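For reference, the structure is listed below as structure tokens.
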Amino acid sequence: MLLLLKWFGPVIAIWFAFWPLSDWFFGLKGVNEERKRLSLSLAFSFPIGLAVLSYIVWLGMMLRLKMFHPSVLWAILILIALLIWGAWGRKRFFILMRNCSTLATLLALFIALTAFWWVVRVAGNEKVLKIGEHMMNISFVQVVMRYPQIPPPNPFFAGFKIDFYYYFFAIIIAILSTLSGLPAHVAYFIAGITWPVIVGLEIYTLLSLWAKRSFTPLMGIMLYIFTGNWGVFRLFVAEASYGHINFPPISELWWFQPTRLIPDPNPYGFAITEFPAFSFGIGDLHPHVVAIPWAVLGLFISVVGELKDWKEVMLSSFLIGIIAPLNSWTLIPVLVLLCLRLLFNYKPLEAFTSFFFVTSGAFLLFLPFHLQLKSPIIAYKLGLFPTQWWSWALHWAPFLLPALLGIAFMAPKRWLFFITLAIGIAIGYLVKASILAILIASLLVLFWIVKKEGLKLWATFLIGWILVNLIPEIFYLEDYWGGRYNTIFKLYFEGWLLISLAVPLMLENLSKWTRSVSKLWIGTGIVYTTALLAFIAPNFPLLIKGINFYWLPPNYFAPDRWSLLHSLSQYPNVSYILEAKTEYPIGPVLTGLIELAQHDYILPLWYPRRASIVGRNLVARDWFFKTEDATERARILQTYPIDAVIIGHEERWLYGYDLDFRLSSLLTPALSSGYVIAYRNFTPEICLELKGPIVFKGGKGEMKLEALRVTKGRDFANRPVLALFEIWDPIRGDPAEMSFYVHFLDSNGNIIAQGDHPLGLWGTRWTNYGANSNHKPIYSVHWISLPPNVSISYVRIGLWIPQTGHYIPASEFVQGESGPNGSIEFEFKLFTQNEP
121 MLLLLKWFGP
131 VIAIWFAFWP
141 LSDWFFGLKG
151 VNEERKRLSL
161 SLAFSFPIGL
171 AVLSYIVWLG
181 MMLRLKMFHP
191 SVLWAILILI
201 ALLIWGAWGR
211 KRFFILMRNC
221 STLATLLALF
231 IALTAFWWVV
241 RVAGNEKVLK
251 IGEHMMNISF
261 VQVVMRYPQI
271 PPPNPFFAGF
281 KIDFYYYFFA
291 IIIAILSTLS
301 GLPAHVAYFI
311 AGITWPVIVG
321 LEIYTLLSLW
331 AKRSFTPLMG
341 IMLYIFTGNW
351 GVFRLFVAEA
361 SYGHINFPPI
371 SELWWFQPTR
381 LIPDPNPYGF
391 AITEFPAFSF
401 GIGDLHPHVV
411 AIPWAVLGLF
421 ISVVGELKDW
431 KEVMLSSFLI
441 GIIAPLNSWT
451 LIPVLVLLCL
461 RLLFNYKPLE
471 AFTSFFFVTS
481 GAFLLFLPFH
491 LQLKSPIIAY
501 KLGLFPTQWW
511 SWALHWAPFL
521 LPALLGIAFM
531 APKRWLFFIT
541 LAIGIAIGYL
551 VKASILAILI
561 ASLLVLFWIV
571 KKEGLKLWAT
581 FLIGWILVNL
591 IPEIFYLEDY
601 WGGRYNTIFK
611 LYFEGWLLIS
621 LAVPLMLENL
631 SKWTRSVSKL
641 WIGTGIVYTT
651 ALLAFIAPNF
661 PLLIKGINFY
671 WLPPNYFAPD
681 RWSLLHSLSQ
691 YPNVSYILEA
701 KTEYPIGPVL
711 TGLIELAQHD
721 YILPLWYPRR
731 ASIVGRNLVA
741 RDWFFKTEDA
751 TERARILQTY
761 PIDAVIIGHE
771 ERWLYGYDLD
781 FRLSSLLTPA
791 LSSGYVIAYR
801 NFTPEICLEL
811 KGPIVFKGGK
821 GEMKLEALRV
831 TKGRDFANRP
841 VLALFEIWDP
851 IRGDPAEMSF
861 YVHFLDSNGN
871 IIAQGDHPLG
881 LWGTRWTNYG
891 ANSNHKPIYS
901 VHWISLPPNV
911 SISYVRIGLW
921 IPQTGHYIPA
931 SEFVQGESGP
941 NGSIEFEFKL
951 FTQNEP
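Counting from 121, one number per residue, gives the positions in the sequence shown under my numbering.
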């Protein structure tokens, strides 16, 4: 409950602060009916407020100001609230009081949608966690919060920046995380629940503005948020071929396969056909999902308003302009519909002028983003790229019959529509471009309807949907994925919103029987969501048992590594770390540290191509661990911006269990959690190193100290430390009962520091269980902080059993002198804490 209060506190605060501005904006857009304007302003107040806040934060980050501090953001929010309510608040407060029923309706819808998506995300967390790119999203949020610069540093590839991707979505989530006081990954989880709720409220109020029937707004919510494509039926057919149909299907990742329906000649063999129910189901707050609230707002701006008042033009430019840094693909339908409406409603010169002022303002307000962005586009392809008709039909199936009936019944001459459609199908069959021909035929009929009856809203949205489907048939942007992989994905995703707004408005104009048939047909799209609920139903007990906010199943989550990195992230002088792990750097992602993967100019700026090249060529990270040349390792540490090197069992398993010892002359151990150690990139001074092994032999056991190195360095707080690196060969006895004592002595023989530690296999001691020997070597790293103002002259080492008090004397050694109780004493290189 406390977590929910912490989250919804800033959500409500943003909504409340910006509601008068939102209401004023919809008044500028010509929404004069008080109840409808109130409904719209309540639904859109939160995204409008987030747009303003994110813009202010973005400007601050360009000035390298530390914007992501709770006191800073709350101060900005409170100041804005005072200004807005002072300017527009008094009258609007009374409007709110007069329309409590409108507020109650939206609140009830908010609660219902929140409850549904809370169930889906909490119960589905364990089931669908591996889908999506949560780690990438969260890592962008973390670096935005930790490093006040634009563009932000790349969290996966040190030395690069996020200048190849949309980072504004990360600023928005970071704002909510900072205001709520929740960790970024927790805020990200709950935002994944809140986002479909915001979108649902927007669609409901938008369609309520235009609807004649009460079912229309709810139909829009159902179509956009709860409807899936017919890919699930394809899986039912596949299972039926094995003699049995399961519900939900048991094919691997069945809920994922419908988003990969359309074959395409790219390296993956298909294009993405993702739809909102899938995106919200996995809670994947990628830019195309985060941008949806502003996509709905942008469509409203494009089809409503005169765009003649300078205040309306400025605010419209800003709210359209923020879409590009969020997801530039979303701009395509917004600008297409804006251009279409202006051309139909105004003279050409007047239409061009309005379009120019709005779009140029949108571009100029976010000019630094556009100048910094490095496009991943390799080529612009123009030609004939026919989509397989059955896969296209499966994706859009829930909408096709209602759209077809709507066009047919609203065409002035129904028979002419069917003839046009039949001719289009025949031509498409002949030229092997069925979808292209059908879309063009439908577009011609729609323009005919518009010419006869004017540009209705349903026709505007439907024309937009046809155009975003038509574009990939003749044009696509080729990126590093190849083919139409991304073009189809982004355009179809935007098309889902357009068709979800068009169909409910079309149904209002149909006869009763066609409306009933259409509703039944649309209902088939709910099968996907119903199957998803059935699939996650066994996890419903999680709703009362607790939530996995880390987004990580047990086999992914390494608590020791995460705990260490979290402690490391508290040091302001630590940003870049080096690990040998090749999977997603989950620890750095959750703590805001940056993984050093490479700094090689040959690697392009896009992840898929990078991943393949990293697999073929040694980069800085791999070479550091693989080379045995200490000089080369030192060069890498000096060349790249490495603050800390992380070594745990993964690194030791990959590159040798004595890895810590081999790196001890280059790095200083400073932090540990379990078996994982964080080394500071601080070249230590070697103060003692054995020239040969030492054998400790007695009645209680026998141990051989194969190697010992003592170094002097500094930890992350710049305090002096002494580090001991040891390799032991247990010959006889139980090492867990033994303790290695290390006494540092001054010139008078007084003990001034101790580095005693047991030899049991826990903490920073480990062994190689796979060693082909009866004796499993023990590797140990131990370090101590030095007391102030000390001078060390000698070091005394020995072995004993604390429980019995028995000493195991040194019997064989080639270096040092005998000391008390069978110990050995060595001359120690003299140094003081005040040395640099």
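Glycine included, each C-beta is placed from N, C-alpha and C at the ideal position.
None of these values were measured; they are calculated from a predicted model.
Worksheet item: How about residue 513 and residue 540: are their beta carbons less than 9 Å apart?
Response: As a position in the sequence shown, residue 513 is number 393, starting the count at 1. As a position in the sequence shown, residue 540 is number 420, starting the count at 1. Contact: no.
Worksheet item: What residue from 845, 860 and 912 has the CA that sits closest to residue 869's CA?
Response: Numbered from its first residue, the sequence shown carries residue 869 at position 749. Answer by Cα proximity: 912.
Worksheet item: Would you say the segment 477–494 touches the segment 579–588, given that touching needs at least three Cβ pairs under 8 Å?
Response: no
Worksheet item: Which same chain residues, not among the five before or five after residue 325, have their C-beta less than 6 Å away from its C-beta?
Response: The count along the sequence shown starts at 1 and reaches residue 325 at position 205. The answer, listed in chain order, is 159, 160 and 163.
Worksheet item: Secondary structure at residue 181, three-state DSSP: helix, strand or coil?
Response: Taking the first residue of the sequence shown as position 1, residue 181 is located at position 61. Helix.
Worksheet entry | Buried/exposed call for residue 140, threshold 16 Cβ in 10 Å | Along the sequence shown, one-based indexing puts residue 140 at 20. Residue 140 is buried by the Cβ-count criterion.
Fill in: Coil, strand or helix - residue 758 by DSSP
As a working note, residue 758 is residue 638 in the sequence shown. Here residue 758 sits in helix by DSSP.
Worksheet item: Alpha carbon to alpha carbon, how far is residue 966 from residue 508?
Response: Missing from the structure shown is residue 966; the chain here goes from 121 to 956 and no further.
Discussion item. By the DSSP assignment, the alpha helix (DSSP H) with residue 562 in it spans what residues?
Written reply: As a position in the sequence shown, residue 562 is number 442, starting the count at 1. Its alpha helix (DSSP H) spans residues 554–573.
Discussion item. Here's the rule: buried if 16 or more other CB atoms are within 10 angstroms of the residue's CB, otherwise exposed. What is residue 308?
Written reply: Translated into positions along the sequence shown, residue 308 becomes position 188. Residue 308 comes out buried.
Discussion item. Could you give the first and the last residue of the continuous alpha helix (DSSP H) run that contains residue 255?
Written reply: Along the sequence shown, read from residue 1 onward, the residue named residue 255 stands at position 135. Note, residue 255: alpha helix (DSSP H), 254–266.
Fill in: Three-way DSSP call (helix, strand, coil) for residue 721 in this model
As a working mapping, residue 721 is identified with position 601 in the sequence shown. Annotation note: pLDDT 41 at residue 721 (below 50); position unreliable, no value reported.
Worksheet entry | Where residue 807 falls, given that 16 or more other Cβ within 10 Å makes a residue buried | Along the sequence shown, read from residue 1 onward, the residue named residue 807 stands at position 687. Residue 807 should be labelled buried.
Item to complete: Determine which residues share a DSSP beta bridge with residue 809 and list them.
Response: On the sequence shown, residue 809 is found 689 positions in, with the first residue counted as 1. 829, per the DSSP bridge assignment.
Worksheet item: CB-CB under 7 Å to residue 663, same chain, minus the five flanking residues each way: which ones, in chain order?
Response: As a position in the sequence shown, residue 663 is number 543, starting the count at 1. Closer than 7 Å at the Cβ level, and outside the excluded window around residue 663, lie 239, 242 and 243.
Worksheet item: Helix, strand or coil for residue 798 per DSSP?
Response: Taking the sequence shown and counting its residues from 1, one reaches residue 798 at position 678. Residue 798: strand per DSSP, three-state reduction.
Worksheet item: Are the segment 178–194 and the segment 138–157 in contact at 8 Å, needing three or more beta carbon pairs?
Response: Verdict: no, contact absent.
Worksheet item: Apart from the five residues just before and just after residue 131, which ones in its own chain have a Cβ nearer than 6 Å to its Cβ?
Response: Counting from 1 along the sequence shown, the entry for residue 131 is found at position 11. So the list is empty, once near-sequence residues are dropped.
Fill in: Burial state of residue 902, where buried means 16 or more other Cβ atoms lie within 10 Å
The count along the sequence shown starts at 1 and reaches residue 902 at position 782. Label assigned to residue 902: buried.
Worksheet item: Okay, do the segment 361–381 and the segment 631–641 touch, 3+ Cβ pairs below 8 Å being the bar?
Response: Because the criterion of three Cβ pairs below 8 Å is not met, the segment 361–381 and the segment 631–641 do not touch.
Worksheet entry | First and last residue of the uninterrupted alpha helix (DSSP H) at residue 212 | On the sequence shown, position 92 is the one that residue 212 refers to. Element bounds for residue 212: 190–218.
Fill in: Residues near residue 167 in its chain [Cβ-Cβ closer than 7 Å; skip 5 each side]
Here residue 167 corresponds to residue number 47 of the sequence shown, with the count starting at 1. Counting only Cβ-Cβ distances below 7 Å, and skipping sequence neighbours, we find 318, 413, 414 and 417.
Worksheet item: Does DSSP put residue 842 in a helix, in a strand, or in coil?
Response: In the sequence shown, counting from the first residue as 1, residue 842 sits at position 722. Strand, per DSSP.
Worksheet item: So the alpha helix (DSSP H) residue 777 belongs to, where does it begin and stop?
Response: Taking the first residue of the sequence shown as position 1, residue 777 is located at position 657. Where residue 777 is concerned, there is no enclosing alpha helix (DSSP H), given that its DSSP letter is neither H nor E.
Worksheet item: Mapping DSSP to helix, strand and coil, what is residue 533?
Response: By 1-based counting over the sequence shown, the position of residue 533 is 413. In this structure, residue 533 counts as coil in the three-state DSSP scheme.
Practice prompt. For the alpha helix (DSSP H) containing residue 633, list its first residue and its last residue.
Written response: Position 513 of the sequence shown holds residue 633. Its alpha helix (DSSP H) spans residues 632–643.
Discussion item. On the criterion of 16 or more Cβ atoms from any shown chain inside 10 Å, does residue 340 qualify as buried, or is it exposed?
Written reply: As a working note, residue 340 is residue 220 in the sequence shown. Answer is buried; the Cβ neighbour count reaches 16.
Discussion item. What does the alpha-carbon distance come out to for the pair residue 854 and residue 896?
Written reply: In the sequence shown, residue 854 corresponds to position 734, counting from 1. In the sequence shown, residue 896 corresponds to position 776, counting from 1. Rounded to the nearest angstrom, the two C-alpha atoms are 12 Å apart.
Item to complete: Could you work out which residue in 183, 301 and 634 is closest to residue 125 when comparing CA atoms only?
Response: Here the question's residue 125 lines up with position 5 in the sequence shown. Residue 301 is the option with its Cα nearest to residue 125.
Item to complete: Please find out if some non-hydrogen atom of the ligand NAP comes closer than 8 Å to the beta-carbon of residue 805.
Response: Of ligands this structure carries none, so the ligand NAP is not represented either.
Worksheet item: The beta strand (DSSP E) with residue 696 in it runs from where to where?
Response: The residue you call residue 696 lines up with position 576 of the sequence shown. From DSSP, the beta strand (DSSP E) with residue 696 extends over 696–698.
Discussion item. For the structure I just gave you, are there three or more beta carbon pairs, one from the segment 862–878 and one from the segment 773–790, closer than 8 Å?
Written reply: No: fewer than three Cβ pairs fall under 8 Å.
Worksheet item: Where does residue 654 land, buried or exposed, given buried means 16+ other C-beta within 10 angstroms?
Response: What you label residue 654 is simply residue 534 of the sequence shown in a count that begins at 1. With fewer than 16 other Cβ atoms within 10 Å, it is exposed.
Worksheet item: Is residue 461 helix, strand or coil by DSSP?
Response: Along the sequence shown, read from residue 1 onward, the residue named residue 461 stands at position 341. Residue 461 falls in the helix class under three-state DSSP.
Item to complete: Measure the alpha-carbon distance for residue 234 versus residue 127 and round it to whole angstroms.
Response: Mapped onto the sequence shown, residue 234 falls at position 114. Mapped onto the sequence shown, residue 127 falls at position 7. Distance between the alpha carbons of residue 234 and residue 127 is about 13 Å.
Item to complete: Put residue 930 into one of helix, strand or coil per three-state DSSP.
Response: On the sequence shown, position 810 is the one that residue 930 refers to. If DSSP states are grouped into helix, strand and coil, residue 930 belongs with the strands.
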